[in-house]
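Read through the structure below, which is laid out as structure tokens, and then see the notes.
Numbering (the working numbering), first residue to last: 414 to 641.
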């Protein structure tokens, strides 16, 4: 979800991770057609809640269709032996809620880190689903700098979910992007006009590196694509 458990999306709900668990349904919870059901649950601040249910519906669905339609819906398995070669397949039904998963992503990503006398609020939302992947931040609104900053922003937005932000001091803008989970900020300063280089700032480490604009898209692509 965030830096800790978003990879579960591609790892089929890896419930070895602390905020996730598998909860089998008791016999008193099962629907009349279900042979078994397991919920994948997330530990919300107010308690455990379901993200996805996975139900074994047995052969109930196909049996009902077969009885109503009069058609033979059995499957013949050439690899099986004896009476097991022909059977009605079972239906496995996963059911997940996008709104619940999205809420869990953001809750898991949220963090508050000490920053001197203040607190740095940061959302470690995964790069793949961050609303803004890259922010273009000119050092100031100076008229000499803005054409270069807009040019670089136009380049970035062709490849990434991008945002242009030139309001307030650069430090405040970094914090603002941290709060909404932007993985990378690209800072355009007055040296950029002469050397065509920019500074990439990493949200999680706050490390900054200066790179040529000609390599900017490739570098960011590599960071985002290899985030798993």
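For each residue, glycine too, the CB sits at the ideal point set by N, CA and C.
With distance defined between alpha-carbon atoms, name the residue in 517, 585, 479, 591 nearest to residue 460. Indexing the chain shown from 1 puts residue 460 at position 47. With distances taken between CA atoms, residue 460 lies nearest to 517 out of 517, 585, 479, 591.
What's the gap between the Cα of residue 462 and the Cα of residue 597? Residue numbering aside, residue 462 sits at position 49 when the chain shown is read from its first letter. Residue numbering aside, residue 597 sits at position 184 when the chain shown is read from its first letter. If I take the Cα positions, the gap works out to 32 Å.
Note down, in chain order, each residue of its chain lying with its Cβ closer than 8 Å to the Cβ of residue 472, except the 5 sequence neighbours on either side. As a position in the chain shown, residue 472 is number 59, starting the count at 1. These residues qualify, in order along the chain: 500, 501, 502, 503, 504.
The beta strand (DSSP E) that contains residue 518, what's its start and end? Position 105 of the chain shown, counted from the first residue, corresponds to residue 518. Here residue 518 belongs to no beta strand (DSSP E); instead the alpha helix (DSSP H) covers 511-522.
I need the straight-line Cα distance from residue 592 to residue 524, nearest angstrom please. Position 179 of the chain shown holds residue 592. Position 111 of the chain shown holds residue 524. Each residue's alpha carbon lies about 9 Å from the other.
Just checking my contact of residue 549 with residue 624 at CB under 8 Å: how many whole Å lie between their CB atoms? Taking the chain shown and counting its residues from 1, one reaches residue 549 at position 136. Taking the chain shown and counting its residues from 1, one reaches residue 624 at position 211. Not really, about 14 Å apart at Cβ, beyond 8 Å.
My output table needs one value for residue 504: the three-state DSSP class, helix, strand or coil. Stepping through the chain shown from its first residue, residue 504 is reached at position 91. Here residue 504 sits in coil by DSSP.
Count the other CB atoms within 10 Å of the CB of residue 573; is the residue buried (16 or more) or exposed (fewer)? Your numbering for residue 573 matches position 160 in the chain shown. Buried, since its Cβ has 16 or more Cβ neighbours within 10 Å.
CA-to-CA distance, residue 466 to residue 545, given in whole angstroms: To locate residue 545, count along the chain shown from 1; it is residue 132. To locate residue 466, count along the chain shown from 1; it is residue 53. Between residue 545 and residue 466, the C-alpha separation is close to 30 Å.
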